[in-house]
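Numbering-wise (our numbering), the sequence shown opens with residue 1200 and increments by one.
Just so it is clear, CB atoms sit at the ideal spot from N, CA and C, and this is done for glycine as well.
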Amino acid sequence: MSTSTGKAGADPGTATVGGTGAPQSAGPEAIRADIARTRAELGDTVQHLAERADVKTRAKEKVAEVKDQAGQVRDLAAETAQVAVVRAGEVGRRAATRARQRPAPYVGVLFGLAAAVLTVVLLRRRGTIGHGARSRRWRAR
């Protein structure tokens, strides 16, 4: 075991064992306890460093974390979709009720909408509208 003094200019009677802070006059049991404590600290440090260096385990942990987040997003999306379905049903029921109460305006609107959709479909088939890339691909087939 080596002996050293604590600080420069310190009293030579306060020498420590191995620079650990244990007094030189400490008995063998105190030294053994100090060694055991130091080994435990070193073991904890090595274990911590090994965990940080274990890329495979850290990657698995990150994958698990991302899967958990994706599951939460999926659940939220499902819940939002369910709410949207319920609201759409309510809107549809209200519209049907209004249409039954006053059918004339709604029939006219539906007829106009159907005519517009039919016009667009016929013009696209004829090729007079929709000259974008998608239309060219369809015509090339």
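**Asked** When the Cα atoms are used, what is the spatial distance from L1322 to A1303?
**Response** 29 Å
**Prompt:** By Cβ distance, which residues of its chain are closer than 8 Å to R1273, with the 5 residues on each side in sequence left out?
**Reply:** none
**Prompt:** Where does D1274 sit, in a helix, a strand or coil, going by DSSP?
**Reply:** helix
**Item:** Under 7 Å between C-beta atoms of Y1305 and A1315
**Value:** no
**Message:** At 4 residues or longer, what runs of the alpha helix (DSSP H) sit wholly inside the segment 1275 to 1301?
**Reply:** none
**Item:** As assigned by DSSP and simplified to three states, the class of D1253
**Value:** coil
**Three-state secondary structure assigned by DSSP to A1269** = helix
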